[in-house]
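As structure tokens, the structure follows; a few thoughts come after it.
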Amino acid sequence: MIFEQETIDYGTIQHNADGKREFVFTNNGNKPLVIESTQGSCGCTVPT
39 MIFEQETIDY GTIQHNADGK REFVFTNNGN KPLVIESTQG SCGCTVPT
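When we follow the numbering used here, the leftmost residue of the sequence shown carries the number 39, and every step to the right adds one.
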């Protein structure tokens with residue numbers, strides 16, 4: 039798996055903004071990539 043960016047600088051998020059960001063990646067393997075679960079490193083981010 040290759041990520042276009044491994045980190046995203048959120049900068050300042052405006053009040054009531056959703057703050058959504060996307061991590062774009064490519065499967066560079068020779069088998070299907072199955073993501074079964076995700077988790078954030080703290081309570082301030084929630085992967086969906």
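All C-beta atoms, glycine included, are put in the ideal place defined by N, C-alpha and C.
Subject >> Given residue 41 as reference, the closest of 62, 72, 85 and 52 once Cα atoms are compared >> reply: Looking up residue 41 in the sequence shown gives position 3. Closest option to residue 41, Cα to Cα, is 62.
Subject >> the stretch 41-53 touching the stretch 65-77, judged by at least three CB pairs closer than 8 Å >> reply: No, because fewer than three Cβ pairs between the stretch 41-53 and the stretch 65-77 fall closer than 8 Å, the two stretches do not touch.
**OP:** Below 8 Å CB to CB, which residues in the same chain sit around residue 78 once its five sequence neighbours on both sides are set aside?
**Re:** Position 40 of the sequence shown, counting from 1, holds the residue named residue 78. Cβ neighbours of residue 78 beyond the five flanking positions: 84 and 85.
Subject >> Minimum C-alpha distance to residue 39 - residue among 72, 82 and 60 >> reply: In the sequence shown, the residue the question calls residue 39 occupies position 1. The candidate whose alpha carbon is nearest that of residue 39 is 72.
**OP:** Using the DSSP secondary-structure output, state which residues sit across from residue 46 in a beta bridge.
**Re:** Residue 46 sits at position 8 when you count from the first residue of the sequence shown. None; residue 46 has no bridge partner.
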